[in-house]
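Participant: Heads up: the sequence shown at position 11 corresponds to 307 in the working numbering, and the numbers run straight through without jumps.
By construction, the Cβ of each residue, glycine as well, lies at the ideal position given by its N, Cα and C atoms.
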Amino acid sequence: MRVRLSLIVVLAALLSACDSFNGGANVNDLETRNAQLQGTIEGLGTPGATIAALQMTADRGMMLQAEMNSVQGTALAVQGTLTAYQLGNGSFVAQPTPPPAGVTPGAVASGPTPGGSQTMFSNTTTSSGVRDEDGCASAPSAVFEVYEDQIYVVTTITNLKAGSVLGARWLANGSLFFDDAQCWIPSEDWASVCAWCAITPDTDTFETGNWSVELLLDGQLYSQAQFQVVDSSQQAAPTEEFQVTPQQ
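1) Could you tell me which residues DSSP pairs with Gln265 in its beta bridges?
2) Thinking C-beta only, is Asp476 closer than 9 Å to Thr501?
3) My parser needs the beta strand (DSSP E) runs of 3 or more residues fully inside the stretch 439-470; what are they?
4) In terms of alpha-carbon separation, which member of Gln530, Phe523 and Ser529 lies closest to Val450?
5) Would you say Ser519 and Phe417 are within 9 Å of each other, going by their C-beta atoms?
6) Kindly confirm or deny that the stretch 506-516 and the stretch 458-466 touch, where touching means at least three C-beta pairs closer than 8 Å.
7) Give the range of the beta strand (DSSP E) segment to which Cys490 is assigned.
8) Pick from Thr421, Ser488 and Gly425: whose alpha carbon is nearest that of Gln414?
9) Measure the alpha-carbon distance for Thr504 versus Ser423 and round it to whole angstroms.
10) My guess is that Val426 and Trp492 are in contact by the Cβ rule of under 8 Å, so how many angstroms apart are they, rounded?
11) The beta strand (DSSP E) spanning Ser423 covers which residue range?
12) Can you tell me which of the three DSSP states Ser508 falls into?
13) Exposed or buried, what is Tyr448 when buried is set at 16 or more other beta-carbons lying within 10 Å of its beta-carbon?
14) Can you tell which of Gly515, Ser471 and Pro497 has its C-alpha closest to the C-alpha of Tyr443?
15) To the nearest angstrom, how far is it from the Cα of Ala521 to the Cα of Thr420?
Below, the structure is given as C-alpha coordinates:
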(Lines of atoms letter the chains of each structure in order from A; the text may use other names.)
(Lines give C-alpha, C1' and ligand atoms only; values in the text may rest on other atoms or scores of the structure.)
Protein backbone atom coordinates (compact mmCIF):
# COMPACT_ATOMS: atom_id res chain seq x y z
CA MET A 297 0.00 0.00 0.00
CA ARG A 298 2.87 2.37 0.83
CA VAL A 299 4.49 1.61 -2.56
CA ARG A 300 1.24 2.50 -4.40
CA LEU A 301 0.82 5.82 -2.54
CA SER A 302 4.44 6.76 -3.15
CA LEU A 303 4.12 6.10 -6.84
CA ILE A 304 0.90 8.13 -7.08
CA VAL A 305 2.50 11.07 -5.25
CA VAL A 306 5.56 11.03 -7.48
CA LEU A 307 3.42 10.75 -10.62
CA ALA A 308 1.19 13.64 -9.56
CA ALA A 309 4.23 15.80 -8.88
CA LEU A 310 5.65 15.09 -12.30
CA LEU A 311 2.38 15.85 -14.03
CA SER A 312 2.09 19.10 -12.11
CA ALA A 313 5.61 19.99 -13.17
CA CYS A 314 4.69 19.34 -16.79
CA ASP A 315 1.80 21.83 -16.50
CA SER A 316 3.96 24.47 -14.86
CA PHE A 317 6.82 24.56 -17.39
CA ASN A 318 6.43 25.32 -21.09
CA GLY A 319 8.40 23.80 -23.99
CA GLY A 320 12.17 23.35 -24.34
CA ALA A 321 14.43 21.09 -22.31
CA ASN A 322 12.23 21.14 -19.20
CA VAL A 323 9.28 19.57 -21.01
CA ASN A 324 11.47 16.95 -22.65
CA ASP A 325 13.13 16.14 -19.36
CA LEU A 326 9.81 15.69 -17.61
CA GLU A 327 8.51 13.49 -20.40
CA THR A 328 11.64 11.32 -20.15
CA ARG A 329 11.27 10.96 -16.41
CA ASN A 330 7.58 10.23 -16.84
CA ALA A 331 8.39 7.43 -19.29
CA GLN A 332 11.00 6.01 -16.90
CA LEU A 333 8.55 6.11 -14.04
CA GLN A 334 5.90 4.38 -16.13
CA GLY A 335 8.38 1.66 -17.00
CA THR A 336 9.24 1.23 -13.33
CA ILE A 337 5.57 0.91 -12.46
CA GLU A 338 5.01 -1.66 -15.19
CA GLY A 339 8.14 -3.56 -14.06
CA LEU A 340 6.95 -3.70 -10.50
CA GLY A 341 3.58 -5.08 -11.59
CA THR A 342 0.85 -5.46 -9.03
CA PRO A 343 1.94 -3.87 -5.73
CA GLY A 344 0.35 -6.77 -3.79
CA ALA A 345 2.47 -9.35 -5.65
CA THR A 346 5.57 -7.24 -5.13
CA ILE A 347 4.95 -7.00 -1.39
CA ALA A 348 4.37 -10.79 -1.20
CA ALA A 349 7.64 -11.41 -3.02
CA LEU A 350 9.50 -9.07 -0.67
CA GLN A 351 7.94 -10.84 2.35
CA MET A 352 9.06 -14.26 1.03
CA THR A 353 12.57 -12.91 0.56
CA ALA A 354 12.60 -11.55 4.10
CA ASP A 355 11.34 -14.89 5.49
CA ARG A 356 14.02 -16.80 3.59
CA GLY A 357 16.64 -14.43 4.92
CA MET A 358 15.50 -15.09 8.48
CA MET A 359 15.69 -18.87 7.90
CA LEU A 360 19.20 -18.58 6.50
CA GLN A 361 20.21 -16.49 9.51
CA ALA A 362 18.84 -19.15 11.89
CA GLU A 363 20.72 -21.87 10.05
CA MET A 364 23.90 -19.81 10.21
CA ASN A 365 23.47 -19.35 13.95
CA SER A 366 23.07 -23.14 14.36
CA VAL A 367 26.21 -23.80 12.34
CA GLN A 368 28.12 -21.29 14.42
CA GLY A 369 26.92 -22.98 17.62
CA THR A 370 28.10 -26.38 16.34
CA ALA A 371 31.45 -24.90 15.40
CA LEU A 372 31.87 -23.49 18.90
CA ALA A 373 31.03 -26.90 20.45
CA VAL A 374 33.58 -28.65 18.21
CA GLN A 375 36.17 -26.07 19.11
CA GLY A 376 35.49 -26.69 22.79
CA THR A 377 35.94 -30.46 22.27
CA LEU A 378 39.21 -29.91 20.45
CA THR A 379 40.44 -27.73 23.27
CA ALA A 380 39.48 -30.35 25.88
CA TYR A 381 41.37 -33.06 24.04
CA GLN A 382 44.35 -30.78 23.43
CA LEU A 383 44.65 -31.15 19.69
CA GLY A 384 48.30 -31.17 18.70
CA ASN A 385 50.35 -32.28 15.71
CA GLY A 386 47.24 -33.41 13.87
CA SER A 387 46.20 -36.01 16.49
CA PHE A 388 44.17 -36.10 19.69
CA VAL A 389 46.12 -36.38 22.93
CA ALA A 390 43.79 -37.75 25.63
CA GLN A 391 44.66 -36.97 29.20
CA PRO A 392 45.43 -40.19 31.16
CA THR A 393 43.18 -41.04 34.09
CA PRO A 394 45.20 -41.03 37.31
CA PRO A 395 45.20 -44.34 39.24
CA PRO A 396 43.21 -44.55 42.48
CA ALA A 397 44.98 -43.30 45.55
CA GLY A 398 47.10 -45.95 47.23
CA VAL A 399 47.39 -48.17 44.13
CA THR A 400 50.74 -48.46 42.32
CA PRO A 401 50.32 -48.54 38.51
CA GLY A 402 50.91 -52.04 37.16
CA ALA A 403 50.53 -53.71 40.56
CA VAL A 404 47.78 -56.09 41.62
CA ALA A 405 45.48 -54.24 43.99
CA SER A 406 45.05 -56.29 47.14
CA GLY A 407 45.00 -53.55 49.76
CA PRO A 408 43.69 -53.77 53.28
CA THR A 409 40.49 -55.61 54.00
CA PRO A 410 37.35 -53.43 54.20
CA GLY A 411 36.61 -52.25 57.69
CA GLY A 412 33.87 -54.20 59.42
CA SER A 413 33.77 -56.96 56.77
CA GLN A 414 33.18 -60.47 58.05
CA THR A 415 35.64 -63.29 57.45
CA MET A 416 34.15 -65.99 55.22
CA PHE A 417 35.21 -69.49 54.09
CA SER A 418 34.13 -70.82 50.67
CA ASN A 419 34.89 -73.59 48.16
CA THR A 420 36.20 -75.92 50.85
CA THR A 421 37.45 -79.19 49.33
CA THR A 422 39.93 -82.00 49.84
CA SER A 423 42.78 -82.62 47.42
CA SER A 424 45.87 -84.71 46.87
CA GLY A 425 47.95 -81.58 46.19
CA VAL A 426 48.05 -77.77 46.01
CA ARG A 427 49.43 -75.38 43.40
CA ASP A 428 52.75 -73.73 44.21
CA GLU A 429 51.74 -70.34 42.77
CA ASP A 430 48.62 -69.70 44.85
CA GLY A 431 48.10 -72.59 47.27
CA CYS A 432 44.74 -73.57 45.75
CA ALA A 433 43.72 -77.19 45.17
CA SER A 434 45.50 -78.83 42.22
CA ALA A 435 43.66 -82.19 42.29
CA PRO A 436 40.33 -81.90 44.16
CA SER A 437 38.83 -85.25 45.15
CA ALA A 438 36.56 -86.83 47.74
CA VAL A 439 38.07 -90.34 47.44
CA PHE A 440 41.70 -91.19 48.24
CA GLU A 441 43.82 -94.31 48.27
CA VAL A 442 45.30 -95.59 51.51
CA TYR A 443 48.74 -95.14 49.94
CA GLU A 444 48.47 -91.36 49.57
CA ASP A 445 51.47 -89.45 50.94
CA GLN A 446 49.34 -86.48 52.03
CA ILE A 447 45.72 -85.38 52.04
CA TYR A 448 44.98 -81.66 51.90
CA VAL A 449 41.97 -79.60 52.88
CA VAL A 450 41.81 -76.32 50.93
CA THR A 451 39.48 -73.35 51.36
CA THR A 452 39.17 -69.76 50.12
CA ILE A 453 39.16 -67.25 52.96
CA THR A 454 37.80 -63.73 52.40
CA ASN A 455 38.75 -60.82 54.68
CA LEU A 456 41.36 -62.68 56.70
CA LYS A 457 43.04 -60.62 59.40
CA ALA A 458 46.71 -60.87 60.32
CA GLY A 459 47.30 -62.89 63.49
CA SER A 460 44.22 -65.06 63.04
CA VAL A 461 44.79 -68.73 63.86
CA LEU A 462 43.63 -71.31 61.32
CA GLY A 463 43.13 -74.81 62.71
CA ALA A 464 42.07 -78.19 61.27
CA ARG A 465 40.57 -81.16 63.10
CA TRP A 466 40.72 -84.50 61.22
CA LEU A 467 38.44 -87.41 62.10
CA ALA A 468 38.56 -90.99 60.80
CA ASN A 469 35.41 -93.09 61.18
CA GLY A 470 34.14 -90.72 63.89
CA SER A 471 37.33 -90.74 65.97
CA LEU A 472 39.86 -87.92 66.24
CA PHE A 473 42.85 -88.64 64.04
CA PHE A 474 44.77 -85.35 64.33
CA ASP A 475 44.06 -81.96 65.86
CA ASP A 476 46.14 -79.32 64.08
CA ALA A 477 45.35 -76.36 66.35
CA GLN A 478 47.74 -73.95 64.60
CA CYS A 479 47.82 -74.93 61.00
CA TRP A 480 48.53 -71.36 59.76
CA ILE A 481 48.85 -67.90 61.30
CA PRO A 482 48.93 -65.17 58.58
CA SER A 483 51.36 -62.30 59.13
CA GLU A 484 49.34 -59.85 57.00
CA ASP A 485 45.77 -59.06 56.06
CA TRP A 486 44.28 -60.83 53.03
CA ALA A 487 41.27 -59.73 51.03
CA SER A 488 41.08 -63.25 49.53
CA VAL A 489 43.48 -66.16 49.83
CA CYS A 490 43.62 -69.93 49.38
CA ALA A 491 44.52 -71.54 52.69
CA TRP A 492 45.30 -75.23 53.27
CA CYS A 493 46.18 -77.77 55.93
CA ALA A 494 47.42 -81.31 55.39
CA ILE A 495 47.90 -84.66 57.13
CA THR A 496 50.17 -87.65 56.57
CA PRO A 497 49.42 -91.25 57.63
CA ASP A 498 50.63 -92.25 61.09
CA THR A 499 51.62 -95.64 59.68
CA ASP A 500 52.45 -96.80 56.18
CA THR A 501 48.91 -96.12 55.02
CA PHE A 502 45.79 -94.18 55.91
CA GLU A 503 42.94 -95.93 57.64
CA THR A 504 40.16 -96.88 55.26
CA GLY A 505 36.65 -95.60 55.85
CA ASN A 506 34.75 -92.33 56.13
CA TRP A 507 36.75 -89.25 57.03
CA SER A 508 35.92 -85.63 57.78
CA VAL A 509 37.85 -82.46 58.47
CA GLU A 510 36.73 -79.36 60.32
CA LEU A 511 38.28 -75.93 59.70
CA LEU A 512 38.40 -73.50 62.61
CA LEU A 513 39.44 -69.85 62.89
CA ASP A 514 40.42 -68.65 66.34
CA GLY A 515 38.75 -71.76 67.78
CA GLN A 516 35.42 -71.30 65.97
CA LEU A 517 34.14 -73.75 63.37
CA TYR A 518 33.83 -72.12 59.93
CA SER A 519 33.73 -74.98 57.40
CA GLN A 520 34.08 -78.74 56.97
CA ALA A 521 34.44 -81.44 54.31
CA GLN A 522 33.87 -85.19 54.09
CA PHE A 523 35.89 -87.74 52.10
CA GLN A 524 36.64 -91.45 51.88
CA VAL A 525 39.84 -93.47 52.02
CA VAL A 526 39.76 -96.77 50.13
CA ASP A 527 42.11 -99.64 49.39
CA SER A 528 41.45 -100.56 45.79
CA SER A 529 43.83 -103.51 46.00
CA GLN A 530 41.60 -105.18 48.58
CA GLN A 531 38.42 -104.88 46.61
CA ALA A 532 36.86 -108.27 45.89
CA ALA A 533 37.60 -109.65 42.47
CA PRO A 534 34.51 -110.11 40.33
CA THR A 535 33.12 -113.66 40.54
CA GLU A 536 32.87 -115.59 37.33
CA GLU A 537 29.44 -116.88 36.56
CA PHE A 538 29.04 -120.36 35.11
CA GLN A 539 26.05 -121.45 33.15
CA VAL A 540 25.05 -125.08 33.67
CA THR A 541 23.37 -126.75 30.77
CA PRO A 542 21.04 -129.51 31.86
CA GLN A 543 21.72 -132.91 30.29
CA GLN A 544 19.11 -134.54 28.19
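Facilitator: The structure says:
1) This structure leaves residue 265 out entirely; the chain is present only between 297 and 544.
2) No, these two residues do not count as a Cβ contact at 9 Å.
3) Counting whole runs of 3 or more residues, the stretch 439-470 contains the beta strand (DSSP E) stretches 439-441, 447-456 and 462-468.
4) Comparing Cα positions, the closest option is Phe523.
5) Between Ser519 and Phe417, the C-beta spacing is below 9 Å.
6) The stretch 506-516, when compared against the stretch 458-466, does touch it at the 8 Å Cβ threshold.
7) Going by DSSP, Cys490 is part of the beta strand (DSSP E) stretching over Trp486 to Ile495.
8) The candidate whose alpha carbon is nearest that of Gln414 is Ser488.
9) Rounded to whole angstroms, Thr504 to Ser423 spans 16 Å at the Cα level.
10) Confirmed, Cβ separation roughly 5 Å.
11) Here the beta strand (DSSP E) through Ser423 covers Met416 to Ser423.
12) Looking at Ser508 - three-state DSSP - the assignment turns out to be strand.
13) Looking at its Cβ environment, which holds 16 or more other Cβ atoms inside 10 Å, Tyr448 is buried.
14) Closest by alpha carbon: Pro497.
15) For the pair Ala521 and Thr420, the Cα-to-Cα distance works out to about 7 Å.
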